[in-house]
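Report on one structure; see the data block that follows.
2 protein chains.
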Amino acid sequence: MTDELKLYGYARSLYVCRVKIALDMKGIKYENVEEDISNKSADLLKYNPVHKKVPVLVHNGNPITESLVIIEYIDDVWKGVPVLPQDPYEKSVARFWAKFIDDKCAPAVIKVFLSNGEQQALAEAFEQLQILENELKVKGTKFFGGDNINLVDIAADFLAYWVGALEEVTEVKLITEDKFPKLVKWAENFINCKVVKEILPPREGLIEYFKKWTGKE
Amino acid sequence: MTDELKLYGYARSLYVCRVKIALDMKGIKYENVEEDISNKSADLLKYNPVHKKVPVLVHNGNPITESLVIIEYIDDVWKGVPVLPQDPYEKSVARFWAKFIDDKCAPAVIKVFLSNGEQQALAEAFEQLQILENELKVKGTKFFGGDNINLVDIAADFLAYWVGALEEVTEVKLITEDKFPKLVKWAENFINCKVVKEILPPREGLIEYFKKWTGKE
Chain A
0 MTDELKLYGY ARSLYVCRVK IALDMKGIKY ENVEEDISNK SADLLKYNPV HKKVPVLVHN
60 GNPITESLVI IEYIDDVWKG VPVLPQDPYE KSVARFWAKF IDDKCAPAVI KVFLSNGEQQ
120 ALAEAFEQLQ ILENELKVKG TKFFGGDNIN LVDIAADFLA YWVGALEEVT EVKLITEDKF
180 PKLVKWAENF INCKVVKEIL PPREGLIEYF KKWTGKE
Chain B
0 MTDELKLYGY ARSLYVCRVK IALDMKGIKY ENVEEDISNK SADLLKYNPV HKKVPVLVHN
60 GNPITESLVI IEYIDDVWKG VPVLPQDPYE KSVARFWAKF IDDKCAPAVI KVFLSNGEQQ
120 ALAEAFEQLQ ILENELKVKG TKFFGGDNIN LVDIAADFLA YWVGALEEVT EVKLITEDKF
180 PKLVKWAENF INCKVVKEIL PPREGLIEYF KKWTGKE
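Protein chains in written order, with numbering that gives the first Met the number 0: chain A, 0 to 216; chain B, 0 to 216.
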């Protein structure tokens, strides 16, 4: 049987890009279904009735939602290049950092841009980012995953790429080389990974989108 | 080599109980280190420098933190009774619901009790709980895990047990039989599982704790 694999997504979504990166790392072919976020398809609503959001990966009719859950599924089903470490302890460490990024880091960073760089929001985001900076320093590797990207790098795609566009639109500087040299270098390496570079949405589109989002049109 | 396994916890914590349930399901012996939450040990701070919270499971010197991450680790390392489904799709569904409970349901429920049953908070919690009620209805099984508890039931321990104590302290009724008959029946079944019953902290202690927490002393 040939697998039927469809990804319901939106090119500018950092969550959708996470899934695309994992699929491409493994060389998995899939049908990309681009959603109109302002007019979601009946299929999307059927497949993700709880959150009504992209990404949704539909594998032989079975819908999987939530980007990190989808990536774990991809890694469970398809062998080849691993996205999570194979060792159970290293795997738990990767899950910990991916969760940290989603639960602590990303919300703090978003607050900075929504508040237009309010001091308290900046201080909180700096604190969370410093934890990631320290982790890269302690590891001393090119990526959170070591020599190659893994779940943690993918989970941090927002910091590597989307934040730059937000900084440009809002003129608030957050991840700067003097404060976070390791994160800046990591972001550059991540963005330039072949598999990542081919997936990231054009920067101009993000700029336009964030201008609307932050009311800076 | 004999495994050295220590759990840094706090008996009243719903997160710590999750981990204890998973360990007991597999019949794993461990040393329980009870933390004083108002005066955390140097070991706890060393093992969980990011969140400084229980539970932390330390396996042969390696610390694992975050209750759901710890449970995945336990299931990865020790065979025997599975805590997550073995099938990759069913596994992804379980991860989805555990995440839903932590990200959507629990925060909405906590808001109800912190606001002392404010109408908007109640409406939001009802909406999230209805999603779980519907899931139990569709499944038609005793537990989210089917005939036996799995990751999802364990993740929902807060709803099954802690919420009852909060309802008693605040006199706000949230999970009632007329509104959520399936959830009420599920909670009763869950609490009466042998492995769960032996772990849940005494209700009187929770009542006392929540009286302080809600300022109802």
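All C-beta atoms, glycine included, are put in the ideal place defined by N, C-alpha and C.
- One Cα belongs to A/Leu165, the other to A/Ala120, and the distance between them is close to 15 Å.
- The stretch 73-88 of chain B and the stretch 130-137 of chain B do not touch, with fewer than three beta-carbon pairs separated by less than 8 Å.
- Close partners of A/Asp75 in chain B (Cβ separation under 7 Å): Pro87, Lys90.
- The three-state secondary structure of B/Thr140, taken from DSSP, is coil.
- Cβ neighbours of A/Phe142 within its own chain (closer than 6 Å, five residues either side excluded): Ile148, Asp152.
- With 16 or more neighbouring CB atoms inside 10 Å of its own CB, B/Asp156 falls in the buried class.
- For B/Pro180, the closest C-alpha among the options B/Trp212, B/Ser91, B/Glu167, B/Glu134 is that of B/Glu134.
- By the rule that beta-carbons nearer than 8 Å mark a contact, A/Thr64 touches chain B.
- In the DSSP assignment, A/Val53 falls outside any alpha helix (DSSP H) and carries neither an H nor an E.
- Rounded to whole angstroms, A/Glu167 and A/Ile206 show a C-alpha spacing of 8 Å.
- For the pair B/Pro54 and B/Tyr14, the CB atoms are nearer than the 8 Å cut-off.
- One finds nothing in chain B with a Cβ atom closer than 8 Å to the Cβ of A/Phe157; even the nearest lies about 17 Å away.
- At least one CB atom of chain B sits nearer than 8 Å to the CB of A/Tyr72.
- Using beta-carbon distances, A/Lys98 counts as an interface residue toward chain B, with a partner under 8 Å.
- In terms of Cα proximity to A/Ile69, the closest of B/Tyr72, B/Pro87, B/Val68, B/Asn59 is B/Pro87.
- Neighbours of A/Ile130 in chain B, taken as residues at a C-beta separation under 9 Å, are given in chain order as Pro48, Val49.
- Exposure of B/Arg202 is indicated by the presence of fewer than 16 other C-beta atoms within 10 angstroms of its C-beta.
- For B/Val80, the secondary structure class from DSSP, reduced to helix, strand or coil, is coil.
- Chain B has no Cβ within less than 8 Å of the Cβ of A/Arg17.
- Excluding the 5 residues flanking it on each side, A/Ile198 has same chain C-beta neighbours closer than 7 Å at Cys16, Lys19, Ile20, Asp23, in chain order.
- The three-state secondary structure of A/Pro62, taken from DSSP, is strand.
- For B/Phe209, there are no neighbours in chain A by C-beta distance under 7 Å, as the nearest C-beta there is about 24 Å away.
- Contacts with chain B at 8 Å (Cβ-Cβ) include A/Phe95.
- Fewer than three beta-carbon pairs drawn from the stretch 168-187 of chain A and the stretch 3-12 of chain A are found closer than 8 Å, and the two stretches are therefore not classed as touching.
- Residue pairing by DSSP puts A/Asn31 in a beta bridge opposite A/Leu6.
- Under the DSSP definition of a beta bridge, B/Gly145 partners with B/Phe142.
- Taking a beta-carbon distance threshold of 8 Å, B/Asn188 does not count as an interface residue toward chain A.
- Here the C-alpha atom of B/Lys138 lies approximately 12 Å from the C-alpha atom of B/Leu182.
- For the set B/Ala124, B/Lys98, B/Leu56, the Cα lying nearest the Cα of B/Glu30 is the one of B/Leu56.
- By the criterion of a C-beta distance shorter than 6 Å, B/Val32 is surrounded in its chain by Lys5, Tyr7, once the five residues flanking it on both sides are discounted.
- Taking A/Trp96 as reference, the option from A/Pro81, A/Ile36, A/Leu67, A/Lys39 with the minimal CA-CA separation is A/Leu67.
- Chain-order list of chain B residues neighbouring A/Val68: Ser91, Arg94, Phe95, Lys98, by C-beta distance under 8 Å.
- When the five nearest sequence neighbours on each side are left out, the beta carbons in the same chain lying within less than 6 Å of the beta carbon of A/Val171 are those of Gly116, in order along the chain.
- Counting the other CB atoms within 10 Å of its CB gives A/Asp101 a total of 16 or more, which places it among the buried residues.
- Closest in C-alpha terms to A/Leu150, from the list A/Lys90, A/Val111, A/Cys192, comes A/Lys90.
- Take the alpha-carbon of A/Arg94 and the one of A/Ala105: they are about 15 Å apart.
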